[in-house]
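Protein chains: 2
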Amino acid sequence: MAKSPEEPPLTMAQIAAVAGVSVATVSKVINQRTDVAPTTRERVERVMAERGYMLNKAARSLRKGNSGQIDFLVGQELNSYYAFEILRGVEEALLPTEVRMVLASTHALREREQQWRQRLSEGAIDGAVLVLADKRSLYLQELTRRGIPFVVVDPFGELGPEDLSVSATNWSGGKLATAYLLSLGHRRIAALMGLPDHPCTQDRIAGYRHALQEAGVPVDPALIHFANFHAEQAYQEMMQILALPEMPTAIFVGSDEQCLGVYRALFERGIAVPGAMSVIGFDNMPYAEWVTPALTTIHQPLLEMGRVATKLLLRLIAGEPVESVRIELATPLIKRASCAPPQGNLISNPASLP
Amino acid sequence: MAKSPEEPPLTMAQIAAVAGVSVATVSKVINQRTDVAPTTRERVERVMAERGYMLNKAARSLRKGNSGQIDFLVGQELNSYYAFEILRGVEEALLPTEVRMVLASTHALREREQQWRQRLSEGAIDGAVLVLADKRSLYLQELTRRGIPFVVVDPFGELGPEDLSVSATNWSGGKLATAYLLSLGHRRIAALMGLPDHPCTQDRIAGYRHALQEAGVPVDPALIHFANFHAEQAYQEMMQILALPEMPTAIFVGSDEQCLGVYRALFERGIAVPGAMSVIGFDNMPYAEWVTPALTTIHQPLLEMGRVATKLLLRLIAGEPVESVRIELATPLIKRASCAPPQGNLISNPASLP
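Heads up: the sequence lines are chains A and B, in that order. Residues in the first sequence are numbered from 1 upward in steps of one, following the UniProt record's numbering. Residues in the second sequence are numbered from 1 upward in steps of one, following the UniProt record's numbering.
Take a look at the structure:
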């Protein structure tokens, strides 16, 4: 099919769709990168040639996206500050651009999914930031099928080999939290993690195990518990941990919000933090600094994750080269007041007595 | 100008713009409401007649908005859970519709404002939800000028007489909080409010004064303090209050986030909550239930405010009648564990000792 004068230039997404490859691959071919299989390169170049493009001009003549909008798609309810922090990062990255973000999550509603597909087919968006998606996600599958660029923040599972993702160094974060508690002298360290099927949970608990093993401390399965990422279930689960015959002296918790439930359980049982129990969280939510005692935690750079993902997406849309496929952002330790060396005995917190 | 067959039907917004009235007024004329000045009605009817509309068919023939998008515009940074809760409400109200929300705040950046005006002129949005806007707001002025429907959530000041708004019953909330503390036996009740130029602050403090006066308790100006709505400044201000020659036994605080700072100050000074100081907040943020002690607070229905505003907006866009211009949603008292009757003496909280 020769390019007729009336036909508008193809977008990268369209070339990718026609050639049956990802947008990242088209970008690589255009930018003459060497890490593309020869047969793939040939196929992409053929599609571009058929539309009358000279390879060296392609990068400039491709449309840089034309709707001026990207979708923000969360693979669950928009009901946690977790998603809000990522959203703020996306908003920040878009600030100096002409691109605007549309909240487009379909919440598994059939009608809304149909409307969303309709929007894609109308070219209503240039790309998408996906939160908590994986290969099985409707979003990811549809965007891939249509060759619309996307970046996944905090992937929920496996992605396609060329799909871009941005997440936190969850393994390192888990190791760092545990190593810090070990360095204070703790040996009996519990882990109260988020949902066990979430990759971030698996990575954090693997980091926890690694740190214990490195220190020669046996991993006690009775000390490893899971709950959703919210306060209520964490409270319940913490009560279980406090009912163990031999209590831990410290606990690594899967989210700051869970720490609110852990604090409540400890308060009700009269167990002082950090005197009788050290608590370390994960996320560094804005309120972590202001709970009492101020929460020591692992900073998960949610805002930065949203920002970095969006910048990557804008480059994909513009047809610029993207170096990394998987990006992990650092998770530093934020020391506050909820961790201390272990004490010999439990000390009742008088504030909790009636 | 007679309507030619090629011309698409005017939107309500366009009729409003041509007639120089608000969309609400056009809606009233179409729905044959009586509360429209005769000269105004005449002008609107003339515009519609010039475009070949029969009045009784107008409501159906008007386009129901065609971009399928509304803007969400916050008159400040998107940096607080306050805005996030409202946004969640907007998202919820849009769920069963085909309309999507665009985050379009311009953050007072000239270039972005220009882009936003451009989007308006291109008909890119059918309407807007404005948070913390007033008559001086660029958003409000531009939308009015172009006759694009909007609803203001939590107005920051005066609005045009026909502009729709949704807010909380701040005066009643302030009165309720204060009356509750009075009912527990408190007489020396401080108020640590948000920014003094914010209408919600003025309403809440007026409710506080009213409750005190009704109970025959003199208002002591030394007990009324202001800060921004965040924890840090509230902490500083609370330290000032605790340095007063005669301390209060209870405090009404302008936001739950401020309460985090108040709790910190009290904890550092060894003042037990609620034993030596009762604390009541405002907002009922998700974490209020989980701080220790669980925070008694006035529920500000932020999510509902976003939801109600969006439903109103959708009716405006569809040309349906809207009854109320100012809507205030109730602010009930949520009793938890941070308020109690006053005690004779201050009791030091041993947990705060080194």
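The beta carbon of each residue, even a glycine, is placed where N, CA and C say it ideally should be.
Can you find the residues in the same chain that come closer than 6 angstroms, C-beta to C-beta, to alanine 211 (chain A), ignoring five residues on each side of it along the sequence? Hits under 6 angstroms: Lys175, Thr178 and Ala179.
How long is the line joining the alpha carbons of arginine 60 (chain A) and serine 27 (chain A), rounded to whole angstroms? Low confidence applies here, because arginine 60 (chain A) scores a pLDDT of 34, under 50, leaving its location unreliable; read the following figure in that light. The straight-line gap from Cα to Cα measures roughly 12 angstroms.
Beta-carbon within less than 7 angstroms of glutamate 237 (chain B)'s beta-carbon, same chain only, minus the 5 sequence neighbours each way: which residues are those? So the list reads Leu192, His225 and Ala227, once near-sequence residues are dropped.
Threonine 292 (chain A) and isoleucine 334 (chain A) - do their beta-carbons sit closer together than 8 angstroms? No, Cβ-Cβ distance for isoleucine 334 (chain A) and threonine 292 (chain A) is not below 8 angstroms.
Contact check, alanine 37 (chain A) vs valine 23 (chain A), beta carbons under 8 angstroms: Taking 8 angstroms as the Cβ cut-off, alanine 37 (chain A) and valine 23 (chain A) do not qualify as a contacting pair.
What residues from chain A crowd round tyrosine 263 (chain B), counting only those whose CB sits closer than 7 angstroms? Thr292, listed in chain order.
Which of helix, strand or coil DSSP assigns to histidine 107 (chain B): Coil at histidine 107 (chain B), not helix or strand.
Does any CB atom of chain A fall closer than 8 angstroms to the CB of alanine 231 (chain B)? Contact with chain A is found for alanine 231 (chain B), since one of that chain's Cβ atoms lies less than 8 angstroms from the residue's Cβ.
So the alpha helix (DSSP H) methionine 238 (chain A) belongs to, where does it begin and stop? Element bounds for methionine 238 (chain A): 231 to 242.
Would you please state the rounded distance, in angstroms, between the beta carbons of valine 131 (chain B) and isoleucine 86 (chain B)? I believe it to be under 8 angstroms. Contact annotation, valine 131 (chain B) with isoleucine 86 (chain B): C-beta distance approximately 6 angstroms; criterion of less than 8 angstroms satisfied.
Could you list the residues in the stretch 216 to 245 of chain B with a C-beta less than 7 angstroms from some C-beta on chain A, going in chain order? Of all residues in the stretch 216 to 245 of chain B, Ala231 have a Cβ within less than 7 angstroms of some Cβ in chain A.
Whole-number beta carbon distance between threonine 25 (chain A) and alanine 16 (chain A), since they are thought to touch under 8 angstroms: That pair is a contact at about 7 angstroms.
Need the endpoints of the alpha helix (DSSP H) that threonine 201 (chain B) sits in, please. It spans 199 to 214 - the alpha helix (DSSP H) in which threonine 201 (chain B) sits, taken as one unbroken run.
Which residues of chain A have a Cβ atom closer than 7 angstroms to the Cβ of glutamine 115 (chain B), listed in chain order? Neighbours of glutamine 115 (chain B) on chain A, chain order: Glu98.
Give a yes or no on whether 8 angstroms exceeds the smallest Cβ distance from valine 102 (chain B) to chain A. Among the residues facing chain A, valine 102 (chain B) is included, as its CB has a counterpart in that chain under 8 angstroms away.
Per-residue contacts from leucine 109 (chain B) into chain A (C-beta, under 9 angstroms): Those within 9 angstroms of leucine 109 (chain B) in chain A are Leu95 and Pro96.
In the structure shown, what three-state DSSP assignment does serine 22 (chain B) receive? The answer is coil: DSSP assigns serine 22 (chain B) none of H, G, I, E or B.
Thinking C-alpha only, which one of B:Ile241, B:Arg41 and B:Val21 is nearest isoleucine 271 (chain B)? Out of B:Ile241, B:Arg41 and B:Val21, the CA that lies nearest to the CA of isoleucine 271 (chain B) is found in B:Ile241.
Given valine 217 (chain B), which residues of its chain have a CB within under 6 angstroms of its CB, disregarding the five upstream and five downstream residues? Cβ-Cβ distances below 6 angstroms link valine 217 (chain B) to Arg187 in the same chain, with the five nearest sequence neighbours on each side left out; the list follows chain order.
With 16 as the cutoff for other CB atoms within 10 Å, does glutamine 141 (chain B) come out buried or exposed? By the neighbour-count rule (16 or more Cβ atoms within 10 Å), glutamine 141 (chain B) is not buried but exposed.
Beta-carbon of leucine 260 (chain B) versus every beta-carbon of chain A: anything under 8 angstroms? The Cβ of leucine 260 (chain B) sits closer than 8 angstroms to at least one Cβ of chain A.
Chain A contacts made by the stretch 116 to 143 of chain B, where a contact means CB separation under 7 angstroms: Within the stretch 116 to 143 of chain B, no residue qualifies.
For the stretch 286 to 315 of chain A, list every residue whose C-beta sits within 7 angstroms of some C-beta in chain B, in sequence order. Of all residues in the stretch 286 to 315 of chain A, those with a C-beta nearer than 7 angstroms to a C-beta of chain B are Tyr287, Trp290, Val291 and Thr292, reading in chain order.
Rounded to whole angstroms, what is the Cα-Cα separation between serine 338 (chain A) and proline 341 (chain B)? So the two alpha carbons sit approximately 31 angstroms from each other.
Proximal residues of chain B, C-beta to C-beta of phenylalanine 150 (chain A) below 9 angstroms: Contact of phenylalanine 150 (chain A) with chain B by beta-carbon distance below 9 angstroms is absent, the smallest such distance being about 17 angstroms.
Segments assigned alpha helix (DSSP H), at least 4 residues, entirely inside the stretch 110 to 187 of chain A: The stretch 110 to 187 of chain A contains these whole alpha helix (DSSP H) runs: 110 to 121, 138 to 146 and 170 to 183.
Evaluate glutamate 42 (chain A) with the Cβ neighbour count: other Cβ atoms within 10 Å of its Cβ, from every protein chain shown; 16 or more gives buried, anything less gives exposed. That one is exposed.
Whose C-beta lies closer than 8 angstroms to the C-beta of glycine 68 (chain B) among residues of the same chain, with five residues either side of it excluded? Glu98, Val99, Arg100 and Asp126, listed in sequence order.
Closest by CA to alanine 294 (chain B), which one among A:Glu268, A:Leu195 and A:Leu138? Its Cα nearest to that of alanine 294 (chain B), the residue A:Glu268 stands out among A:Glu268, A:Leu195 and A:Leu138.
Does the stretch 272 to 283 of chain B come within contact of the stretch 246 to 260 of chain B, defined as at least 3 CB pairs closer than 8 angstroms? Yes, the stretch 272 to 283 of chain B touches the stretch 246 to 260 of chain B.
Give the C-beta separation of proline 301 (chain A) and alanine 124 (chain A) to the nearest angstrom, bearing in mind that I take them to be a contact with Cβ-Cβ under 8 angstroms. With 8 angstroms as the limit, proline 301 (chain A) and alanine 124 (chain A) do not qualify as a contact, their Cβ atoms being about 30 angstroms apart.
Quick one: grab the DSSP three-state call for aspartate 283 (chain B). DSSP places aspartate 283 (chain B) in strand when its eight states are reduced to three.
I need the boundaries of the alpha helix (DSSP H) containing methionine 247 (chain B), first residue and last residue. Neither: methionine 247 (chain B) is in no alpha helix (DSSP H) and is coded neither H nor E.
Rounded to the nearest angstrom, what separates serine 137 (chain B) and glycine 75 (chain B) at their Cα positions? A straight line joining the alpha-carbon of serine 137 (chain B) with that of glycine 75 (chain B) spans about 8 angstroms.
Where the beta strand (DSSP E) containing glutamine 69 (chain B) begins and where it ends: From DSSP, the beta strand (DSSP E) with glutamine 69 (chain B) extends over 69 to 74.
Can you say whether proline 161 (chain B) is buried or exposed, counting buried as having 16 or more other CB atoms within 10 angstroms of its CB? Sixteen is the threshold: since fewer than 16 other Cβ atoms of the shown chains lie within 10 Å of the Cβ of proline 161 (chain B), the residue is exposed.
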